[in-house]
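Take a look at the structure below.
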Amino acid sequence: MIIQIILLLILVALAFFISEEWILMAVVAIVPFHFFIKECLYPLIGEGSLFAMWKELVLMVVLGKILWQIKQRKIKVNKYYPLWLVVIALFGIGILFLFAPNKMDALISVKSLAFPLVAFFIAAHLRFIHINQRIFTFVLSISAFLVFIIAHIEQLFMPVQFGHLYRIITQILPSGKILYTESAYTILAKNRMYGPFVGPNELGMYTALILLYFSYVLFALRNNWKNKVFLLVLLILGISTLMQTYSRASWALFLFAAFILFVFVVRRWKPIWQFGVYVIASVVGMVLINKDLPEIFMASITGKEASAGARKVTFEESGIKIFERPFGYGLGTVQYSSPNPRSFNTEIYWWLILGEIGILMGLLLLAVYILSIVKMFSYKRTERNIFTSVMPCFLIAAVCAGWASVILFDPIVQLVIWLFVGLGINLSLTKKTIWTSAPLL
């Protein structure tokens, strides 16, 4: 505990003296490795439940700086940020936290539902002076590249070592088959890739977002040949990672978001057919290499695969439970991270939300998603921003994917999504930092 406190104090102290823009970029780059770092530090800090708050504490320091600048009138409140809607949502979640039956379980839900909206505010109001889109994209590409490399090392060379590091292995059979603590790590007896994330679905959702971002950068923007080669390698590694997570919701989210992005936002034939060739060639290549993909895909479609079948069964049951308690069962009572019994089981993100915070608050949170999409499309008419183009498409797909999977609830996934959404309406990432053909590398 003492070591965790010391580490947190050091990070918070650094946050006071480092520029807000560099802190935000560092958080975006490091947060995908959060679980990996925490488990590597396990011999030193134990479970690390306190250290796990590092990202929230660091960003709260940044929030304090931004609020002070707003008070000093150095920064204006961003008109594209749905301020009052978010304030009402945060106030409602705060009230629910006070009445939550288990505060530790409720805290997990707060990290997934409330704090990402705070991060959204931070990213939307932070002033970028020394960092432009090119620098941000370069750092993001290096971070994503390392995520994909670690994921492939875990899956292909060190599944046992990573399993022991994460303490998720119960037994290794004489045949070499690994038995995990959770069924989510396998599908039809096939190990799923999870890399530096807590699980395969979390890695899949992050990868879907990264692939969408860099697909736009490669196919819709001008790049020199060095950029093109590097980005193509990154996208090939990324699609390999995405497919080996066997996260069907992430597959669908990526394809649906990309369809919206290229057909309705980019609206140019060359990027559309180039992206189509990339996806088709990647899928064909992966199917030729990995013979299990068609079987897993068909089992998911037909419902023969366990989790796919469970969604069909629990969808109606969860809906009935929600309408029995329209004001919710309480914050933290349905989310899947708690070791305590849940009020009911669900594989649907929006059912989880409605079950915890009630129908009215759930609709309010949905309104935040929808209004953020509208605001980004409105902002895009006047300013050019990579995030502005990509994130409304991703959010539309995410809202739909939330009716098929629960994985959107993950705190890391939510944090990255809403930081990106905030950057999508950030007034300092404007035409003066437009992407050009200058080298990324």
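298 is the number that the numbering used here gives to position 298 of the sequence shown; each next residue is one higher, with no gaps.
Built from N, CA and C at the ideal position, the CB exists for glycine as well.
These numbers come from a predicted model, not from an experiment.
Buried/exposed call for Lys-432, threshold 16 Cβ in 10 Å: Start at 1 with the first residue of the sequence shown, and residue 432 comes out as number 432. In this prediction, Lys-432 has a pLDDT of 49, which is less than 50 and means its spatial position is unreliable; nothing more can be read from the coordinates.
Reduced DSSP secondary structure (H/G/I, E/B, other) of Ile-169: Along the sequence shown, one-based indexing puts residue 169 at 169. Three-state result, Ile-169: strand.
Cβ pair count under 8 angstroms reaching 3, the segment 88-104 against the segment 384-402: Of all C-beta pairs linking the segment 88-104 to the segment 384-402, fewer than three are shorter than 8 angstroms, placing the two stretches out of contact.
Residue span of the beta strand (DSSP E) that contains Leu-423, given as start and end: As a working mapping, residue 423 is identified with position 423 in the sequence shown. Looking at the DSSP string, Leu-423 is not in any beta strand (DSSP E); the run it does join, the alpha helix (DSSP H), is 411-424.
Within 7 angstroms, strictly: CB atoms of Val-31 and Lys-55: As a working note, residue 31 is residue 31 in the sequence shown. As a working note, residue 55 is residue 55 in the sequence shown. Taking 7 angstroms as the Cβ cut-off, Val-31 and Lys-55 qualify as a contacting pair.
For Asn-227, the three-state DSSP class (helix, strand or coil): Here the question's residue 227 lines up with position 227 in the sequence shown. Residue state, collapsed to three classes: helix.
Distance between beta carbons of Met-243 and Met-286, contact taken as under 8 angstroms: The residue you call residue 286 lines up with position 286 of the sequence shown. The residue you call residue 243 lines up with position 243 of the sequence shown. Confirmed, Cβ separation roughly 5 angstroms.
Cβ pair Ser-109, Glu-356 closer than 7 angstroms: In the sequence shown, the residue the question calls residue 109 occupies position 109. In the sequence shown, the residue the question calls residue 356 occupies position 356. Contact annotation: Ser-109 and Glu-356 have beta-carbon atoms nearer than 7 angstroms.
Ile-5 versus Leu-50 - alpha carbon distance: For this step, residue 5 is matched to residue 5 along the sequence shown. For this step, residue 50 is matched to residue 50 along the sequence shown. Distance between the alpha carbons of Ile-5 and Leu-50 is about 8 angstroms.
Exposure label - Lys-270; buried when at least 16 CB within 10 Å: In the sequence shown, residue 270 corresponds to position 270, counting from 1. Classification of Lys-270: exposed, given that the 10 Å Cβ count is below 16.
Nearest residue (CA-CA) to Leu-218, options Tyr-278, Leu-8, Trp-418 and Trp-84: Here residue 218 is taken as the residue at index 218 of the sequence shown, counted from 1. By alpha-carbon distance to Leu-218, the top candidate from Tyr-278, Leu-8, Trp-418 and Trp-84 is Tyr-278.
Nearest neighbour of Leu-165, chosen from Gly-328, Cys-40 and Trp-22 [CA to CA]: Numbered from its first residue, the sequence shown carries residue 165 at position 165. Nearest Cα to Leu-165 within the set Gly-328, Cys-40 and Trp-22: Cys-40.
Other residues of its chain near Thr-436: CB distance less than 7 angstroms, five sequence neighbours each side excluded: In the sequence shown, residue 436 corresponds to position 436, counting from 1. Summary for Thr-436: the model assigns pLDDT 47, below 50, so the residue's position carries little reliability, and this model does not support an answer.
Pro-439 classed as buried or exposed, judged by whether at least 16 other C-beta atoms fall within 10 angstroms: Here the question's residue 439 lines up with position 439 in the sequence shown. For Pro-439, the predicted model reports a pLDDT of 46, less than 50, meaning its position is unreliable; a value from the coordinates is still stated below. Pro-439 comes out exposed.
Tyr-278 in three-state terms, based on DSSP: For the purposes of this step, residue 278 is taken as residue 278 along the sequence shown, with counting starting at 1. DSSP places Tyr-278 in helix when its eight states are reduced to three.
When Ile-386, Val-413, Ile-425 and Leu-415 are compared against Met-376, the one with the closest alpha-carbon: On the sequence shown, position 376 is the one that residue 376 refers to. With distances taken between Cα atoms, Met-376 lies closest to Ile-425.
Supposed contact pair Ser-215 and Ala-258 - C-beta distance, whole angstroms, cut 8 angstroms: Taking the first residue of the sequence shown as position 1, residue 258 is located at position 258. Taking the first residue of the sequence shown as position 1, residue 215 is located at position 215. Their Cβ separation, rounded to whole angstroms, is 6 angstroms, which keeps Ala-258 and Ser-215 in contact under 8 angstroms.
Residue interval of the beta strand (DSSP E) (run including Leu-50): Your numbering for residue 50 matches position 50 in the sequence shown. DSSP places Leu-50 outside any beta strand (DSSP E), giving it a letter other than H or E.
Chain-order list of residues whose beta-carbon lies under 6 angstroms from that of Met-205 (same chain, five-residue window excluded): Indexing the sequence shown from 1 puts residue 205 at position 205. So the list reads Ser-250, Ile-407 and Val-413, once near-sequence residues are dropped.
Tyr-180, DSSP secondary structure in three states: In the sequence shown, residue 180 corresponds to position 180, counting from 1. When secondary structure is reduced to three states using DSSP, Tyr-180 falls in the strand class.
Residues near Tyr-369 in its chain [Cβ-Cβ closer than 7 angstroms; skip 5 each side]: As a first step, residue 369 is located in the sequence shown; it is residue number 369 there, counting from the start. Spatial neighbours of Tyr-369 in its own chain (CB-CB distance under 7 angstroms, excluding positions within 5 residues in sequence) are listed in chain order as Leu-395 and Val-399.
Span of the alpha helix (DSSP H), counted from its first residue to its last, around Ser-389: Working through the sequence shown from its first residue, we reach residue 389 at position 389. Note, Ser-389: alpha helix (DSSP H), 386-401.
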